[in-house]
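Have a look at the structure below, then the notes.
In the working numbering, the protein residues as written are 6 to 280.
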């Protein structure tokens, strides 16, 4: 089983380059970054984790800028989004950003995507929360068209553009793997229709792990599963390994460099038997 980390990179924590170097030095396989472009001053959508919205949500770095910095100081680390909020992004710009990152990293990109949860954040980007799922489906189809066609065009209900040239094309063929985030039936249907893998949140109870992974097989078939935000608990990591997860990304707290390096040493010791 591959072992990586999921984290929020902010202006108050470790910088992308030293984090990436430290991960590769400790034989972690991947770095997955969360994304939030902003937080609405009047936030009415309940935080899925309960309680007040944590501080790091307000201060996240742009994931593609941060992952590019990580790419320049590593050779093998997989660089991913966990997840990019594609419904809040311009589809052509995002296709170019992901392809550019895949080029400068020599094909190390994992593209995790999701619809997000903050309705205020979506609306500020001009996205109607009620149709975000349909929008995401069209965006994924359009991005694949841009990545794989010399002249790309797309005509849908939400995404529409006449033939365009857009380079670079991704190094990975036919394109970087697209992992669909989300824990519900709509996400699993999207995996089957548009994805190369599933990226659910971790369950907290090890006894529920096998049923979680069996669910995607029932709906979407035998697809790779990257489990995000896994608490660093030995029994939970063991359950995912035994159930056949392809990758787990351990939750890494947002802390300054010294504290982060100490935490990575602890995590590396914890997962050594699974790598």
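Even glycine gets a Cβ: it sits at the ideal position worked out from N, Cα and C.
Minimum C-alpha distance to residue i - residue among the options
i           : options               : result
residue 91  : 107, 62, 74 and 68    : 68
residue 79  : 60, 63, 102 and 106   : 106
residue 108 : 216, 172 and 30       : 172
residue 203 : 235, 222, 158 and 137 : 222
residue 265 : 245, 8, 21 and 164    : 21
residue 61  : 15, 81 and 198        : 15
residue 259 : 24, 279 and 130       : 24
residue 76  : 152, 135 and 37       : 37
Contact check, residue i vs residue j, beta carbons under 8 angstroms
i           : j           : result
residue 154 : residue 48  : no
residue 85  : residue 115 : yes
residue 32  : residue 273 : yes
residue 257 : residue 73  : no
residue 162 : residue 169 : no
residue 120 : residue 138 : yes
residue 176 : residue 226 : no
residue 252 : residue 9   : yes
Per DSSP, the bridge partner or partners of residue i
i           : result
residue 15  : 65
residue 86  : 38
residue 166 : 159
residue 118 : 89 and 185
residue 9   : 35 and 254
Euclidean distance between Cα positions of residue i and residue j
i           : j           : result
residue 117 : residue 27  : 22 angstroms
residue 188 : residue 211 : 16 angstroms
residue 64  : residue 45  : 12 angstroms
residue 186 : residue 110 : 23 angstroms
residue 248 : residue 184 : 19 angstroms
residue 238 : residue 160 : 47 angstroms
residue 182 : residue 29  : 21 angstroms
residue 95  : residue 148 : 10 angstroms
residue 276 : residue 6   : 10 angstroms
Chain D contact for residue i (CB, 8 angstroms cutoff)
i           : result
residue 237 : Looking at the structure shown, chain D is missing, and only one protein chain is on hand.
Where in the segment 203–264 do unbroken runs of the alpha helix (DSSP H), each at least 4 residues long, occur, reported from the N-terminal end onward?
214–225 and 239–248
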